[in-house]
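*Asks:* In the working numbering, the protein residues as written are 3 to 60.
Idealized CB from N, CA, C, for every residue including glycine.
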């Protein structure tokens with residue numbers, strides 16, 4: 003019987019811990035956090051980009 007109530011207590015504390023983490027992330031979200039419509043809108047590349055440019059080398 004003690005193990006049964008211990009499992010219930012562990013379940014409740016685990017759920018509340020997860021909800022607490024989710025709640026803190028919801029309140030700490032940045033206001034400038036936006037979603038882009040990817041194919042039409044893209045993030046600007048930084049000046050010191052280390053990616054490759056789209057060029058034909060052949």
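Go to residue 6, then tell me how far its alpha helix (DSSP H) extends in each direction, as first and last residue.
*Replies:* For the purposes of this step, residue 6 is taken as the residue at position 4 of the chain shown. First-last of the alpha helix (DSSP H) with residue 6: 4-29.
*Asks:* Using a Cβ-Cβ cut-off of 8 Å (strictly less than) and excluding sequence neighbours within five positions of residue 43, which residues of its own chain qualify?
*Replies:* Here residue 43 refers to the residue found at position 41 of the chain shown. So no residue of the chain qualifies.
*Asks:* My guess is that residue 38 and residue 29 are in contact by the Cβ rule of under 8 Å, so how many angstroms apart are they, rounded?
*Replies:* Within the chain shown, numbered from 1, the residue matching residue 38 stands at position 36. Within the chain shown, numbered from 1, the residue matching residue 29 stands at position 27. Contact flag wrong, Cβ pair sits at about 24 Å.
*Asks:* Rounded to a whole number of angstroms, what is the C-alpha to C-alpha distance between residue 40 and residue 26?
*Replies:* For the purposes of this step, residue 40 is taken as the residue at position 38 of the chain shown. For the purposes of this step, residue 26 is taken as the residue at position 24 of the chain shown. Answer to the nearest angstrom: the Cα atoms are 28 Å apart.
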